[in-house]
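A.B. asks: Residue numbers (this note's numbering), protein chains in the order written: chain A, 42 to 161; chain B, 478 to 1191.
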Amino acid sequence: MTKVLVVDDSNSIRDMVSFTLKSAGYETAEAKDGQDGLNKAKSAAFDLVISDVNMPNMDGIALCQELRKLPSFKFTPILMLTTESSGDMKMRGKAAGATGWLVKPFNPEKLLATIKRVVR
Amino acid sequence: MSVDLSQFIPSFLEESFEGLELMESSLLNLEQGDDETINSIFRAAHSIKGGAGTFGFNNVTEFTHLVETLLDEMRDGRRSIEQNDVEILLESVDCMRLLIEAIRDETQCDSNKIAETSVLLEKTLASGNSNTSSDNPEENSANPSVINPEDALSKWHITFIPEHHLVQTGNDPLFLFNALADLGDLTLVANCKELPALNDIDAEELYISWQLTLTSKANETEVREVFEWVEDECQLIITQEETVADVVDEQPEETEIPANEPAIIEQVANKSEEQISSAISTDKNSSASAAEKTGTKAKNDLGSIRVGVDKVDSLINLVGELVITQSMLSELGNDFDLSKVEKLNSGLEELLQNTKELQESVMRIRMLPISFAFNRFPRLVHDLSKKTGKEIELILKGEQTELDKTVMEQIGDPLVHLVRNAVDHGIEPAEARIAAGKSQKGTIILNAYHQGGSIVIEINDDGGGINRQAVFDKALEKGIVDENTTLTDTQVFDLIFEPGFSTAKELSDISGRGVGMDVVKKNIQSLGGRIQVESETGVGSTFRVNLPLTLAILDGQLVRVGSEIYIIPLITIVESLQPQKDLINRVSGDMVLYRLREDNVPVIPIYSLFNIASEFEDVESSLLVVVEDDGQKIGLMVDDLLAQQQVVIKSLNDNYQQVEGISGATILGDGSVAMILDIAGIISMAHKKSEMHQKHKRDLQYKATQQISEGANL
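1) Spatial neighbours of A/Ala72 within its chain, please: CB distance less than 6 Å, with the 5 preceding and 5 following residues excluded, ordered by chain position.
2) DSSP on B/Asn1088, reduced to helix/strand/coil?
3) Between the Cα of B/Ile515 and those of B/Gly554, B/Leu490 and B/His542, spot the shortest distance and give me the residue it belongs to.
4) Counting only C-beta atoms, is B/Ala740 closer than 7 Å to chain A at any point?
5) What are the boundary residues of the beta strand (DSSP E) that includes B/Glu876?
6) Note down, in chain order, every chain A residue with its Cβ under 8 Å from the Cβ of B/His523.
7) Under 8 Å: do the segment 92 to 104 of chain A and the segment 519 to 538 of chain B share three or more Cβ pairs, one atom per stretch?
8) Using the three-state DSSP reduction, which class does B/Asn944 fall into: helix, strand or coil?
9) Using only the alpha-carbon positions, how far apart do B/Lys776 and B/Gln585 sit?
10) Can you determine whether any heavy atom of the ligand ZN sits closer than 6 Å to the C-beta of B/Phe1093, and answer yes or no?
11) For B/Cys711, which residues does DSSP report across the bridge?
12) Write down the C-beta distance between B/Leu871 and B/Ile921 rounded to the nearest angstrom, noting that I regard them as a contact closer than 8 Å.
13) Distance cutoff 7 Å, beta carbons only. Does B/Ser488 sit that close to anything in chain A?
14) Measure the beta-carbon distance from B/His902 to B/Val997 and round it to whole angstroms, keeping in mind my assumption that it falls under 8 Å.
15) How is B/Asp790 classed by DSSP in three states: helix, strand or coil?
16) State the start and end residues of the unbroken alpha helix (DSSP H) segment that holds B/Glu578.
17) Quick check: the Cα distance between B/Met500 and A/Cys105, rounded to an integer number of angstroms?
18) Between the segment 638 to 653 of chain B and chain A, which residues of the former have a C-beta closer than 9 Å to a C-beta of the latter?
19) In three-state terms, what does DSSP make of B/Ile847?
20) Terminal residues of the continuous beta strand (DSSP E) containing B/Gly1033?
21) To the nearest angstrom, how far is the alpha carbon of A/Pro146 from that of B/Asn536?
22) Taking C-alpha atoms, which residue in B/Leu972, B/Gly940 and B/Asp971 lies nearest to B/Thr1014?
23) To the nearest angstrom, how far is the alpha carbon of B/Ala1181 from that of B/His1164?
24) Any Cβ of chain A within less than 7 Å of the Cβ of B/Arg520?
25) Output needed for B/Trp687: all residues of its chain with C-beta closer than 6 Å, excluding positions within five of it in sequence on either side, in chain order.
26) State the Cα-Cα distance for the pair A/Gly138 and B/Leu643, rounded to the nearest angstrom.
27) Any beta carbon from chain A within less than 7 Å of B/Ala656's own beta carbon?
28) For B/Gln744, count neighbouring Cβ atoms within 10 angstroms of its own Cβ and tell me buried if that reaches 16, exposed if not.
29) Would the beta-carbon of B/Ser838 fall within 7 Å of that of B/Leu799?
30) To the nearest angstrom, how far is the alpha carbon of B/Tyr1084 from that of B/Ser1091?
31) Might you give, ordered along the chain, the residues of its own chain that have their beta carbon closer than 7 Å to the beta carbon of B/Thr594, omitting 5 neighbours on each side?
32) Would you list the residues sitting across from B/Gly810 in a DSSP beta bridge?
33) Would you verify that the beta carbon of A/Ser59 is, or is not, closer than 7 Å to some beta carbon of chain B?
34) Would A/Ala70 pass as a contact of A/Leu108 if the rule is Cβ separation under 7 Å?
35) Check whether chain A comes within 7 Å of B/Lys694, counting only Cβ atoms and requiring the distance to be less than that.
36) Less than 8 Å between the CB atoms is what I'm expecting for B/Ala925 and B/Leu1035, so what's the real figure, rounded?
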């Protein structure tokens, strides 16, 4: 089963993403910030990481950089959740090794349709 | 597949309110201006905006976007932090709160205020030297439709030449092609010309490029969107051939792809198309049902508590232990004989321990740190100090002190009143402070701590203190005291809690309309608490509020009177004693005073209060429980002292009716009902009684003197 790690400091977004994924048959784990996400990533393998950018303790960009340093996450798709559709944000994400981004707001259908570009 | 988002809205709202509180308190601390503070404010706004967009609250998204843009400029250092901007941001926080409250209550909010503040924000943004306000929120609202059935089929030729490092960012062309296949019929040809010799292959590089043909209803944006994440890392050429009338069966001949990929893709394609169409139809259903739900849903006031995971974990642990004990006990009961009594006892002991811990843990869930009540004060004091022109520093202490949620909700308003008073009446104007040799800046300290079974909240100001003479004069004027009453300082200060009492020379709109302190006191008393005031002229005042930690459970002393058992709240008990004969004074009638060191304590026989039979009717052979409320002591005459235990309070009002002298009831271990004594009520009953006696006595004296004078006249 495809396992997804959802990292967001906002409970409601995290719940929503996680719920959407679960109802589409994905398995999910949740983390409340970058540091938490990194810890969870170190203890289990994931097929996809979806992470918010702005978070306390460790932001999404830093998480992305850290994950790419882990051998098991070298090729894992990492999607950034961002409200900023500006190119600057995307460049920063790409530079950190992110696979792609999801521009907030998004609805569940959009989310599911979009992540199909990187996982099945 | 359908995803009903409405279930996440309450948690979004709760989170947003928390975010707003954080924004507010951080904004108030921003004056020093450190990066982390701005960052956390930005993050809060950002989260609210993101959530609001996801759940479709566009007015919140639009408004918050402006706030966020301004914050972003501050965060990036493009804009220095001006007090003026902070004020606007504070206003904005208020607006966001209005908007979110409107969502919660399903009402409309004051759109004028929102519009005004929006304009203000836009102006501020325009006045800055930045150029970031270009991306507007409409851009962000993503269009969920993946396929547009009205479009005719078109044939797309796509040349996709990825850079070699493409896979290192986690992208995989196969998934991209799968996503494309979801849009329509896809055929593809792989070009392996770039593939180096086996020895030179780097396993982490991608050497293949593709030529794709897609027959689909999708338009160019939709096709291009699939490559959104890789377009900077590849050469992508997308061309449209022509509009085809029917689904084409003319497959391009170059299907000489080595792997069996296309077959898989087609399978997936068909499946996904079904999924998408069903998703779209169910989406309609779900939004319709959501609309229905919001229509019929009653106003929900978010009566939820956020509980730390540790608390829940400890509950689960305890329940686990309880289950173990239970199974052990039931095993013991299966074939019980006398030899197992010891085991039974230890099992019961364990059960007691478990129950106690479980109870404590459950109670802990209702406990919240008092910071929930304190959080509003920085803003309040900030606003008040602006309004009054007084410089005031607010210090919060003991914010982690925990308090029952119900008590917390009800103590908020009285505390606001006390803080307003401290700002308005307590802290003197700057000139007066300087003249008195104090620092220009006034200080208000809010402090909370646990003391025994109660929580103490102190509101301390370093202002001028309460003017004893002014209070006394005012009391004279109101006829509360008469000229020759001598009162201690505490008694004088307590006068400010009398109805209709205000010593402020002029009324302000902040406080001091003469309503208030009596209401404050009443509110606190209705929570089972009490308020005291200490004050020193020129040094300041301290209001000290004592509150019970919880309203649901009480530490009680069980006492027996005749065959009845009553419960006295442990917190009110000063001491219990065996009366000594020579200390008992009968004043007059059946009024009895007991000399307790320097106090004369009125003795109240419970049996006569509630008109029941008692074992002992004389004071000497009974026991006296001396209780105190609001600084007044009485001695309750009881037959026997029994155990001390925690009792769960059941309301008499709900189950029966209000009874004077009784605050509630509880159910004891043997299943019988015991009444909990209302000490404050009993004290006031006793006072009424003694006043009646005094009056009676005066009348008698008056009659006697009249008789004497009549006799003299004879």
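Even for Gly, the Cβ is constructed at its ideal location relative to N, Cα and C.
C.D. replies: Once the coordinates are examined:
1) Hits under 6 Å: Val48, Gly78 and Lys81.
2) coil
3) Nearest of B/Gly554, B/Leu490 and B/His542 to B/Ile515, Cα basis: B/Gly554.
4) Low confidence applies to B/Ala740: its pLDDT is 42, below 50, so where it sits in the model is not reliable, and the reading given next is rough at best. Not one chain A Cβ lies under 7 Å of B/Ala740.
5) No beta strand (DSSP E) contains B/Glu876, which DSSP labels as neither H nor E.
6) Asn95 and Thr124
7) yes
8) coil
9) Low confidence applies to B/Lys776: its pLDDT is 38, below 50, so where it sits in the model is not reliable, and the reading given next is rough at best. Rounded to whole angstroms, B/Lys776 to B/Gln585 spans 14 Å at the Cα level.
10) The ligand ZN is not part of the structure shown, which contains no ligands of any sort.
11) B/Pro639
12) 5 Å
13) yes
14) That pair is no contact at about 13 Å.
15) helix
16) Gln560 to Asp582
17) 27 Å
18) Val644, Gln645, Thr646, Gly647, Asn648, Asp649, Leu651, Phe652 and Leu653
19) coil
20) Start and end: Ile1030 to Val1038.
21) Rounded to whole angstroms, the gap between the alpha carbons of A/Pro146 and B/Asn536 is 13 Å.
22) B/Gly940
23) Spanning the two alpha carbons is a distance of roughly 25 Å.
24) yes
25) Phe637, Leu665 and Ala667
26) Roughly 10 Å separates the two Cα atoms.
27) yes
28) A caution first: B/Gln744 carries a pLDDT of 45, below 50, which makes its placement in the model unreliable, though a value can still be read off. With fewer than 16 Cβ atoms within 10 Å of its Cβ, B/Gln744 is classed as exposed.
29) no
30) Spanning the two alpha carbons is a distance of roughly 6 Å.
31) Glu568, Ser569 and Cys572
32) Per DSSP, none; premise fails for B/Gly810.
33) no
34) Result no, Cβ atoms of A/Ala70 and A/Leu108 do not sit closer than 7 Å.
35) no
36) 31 Å between Cβ atoms; not a contact.
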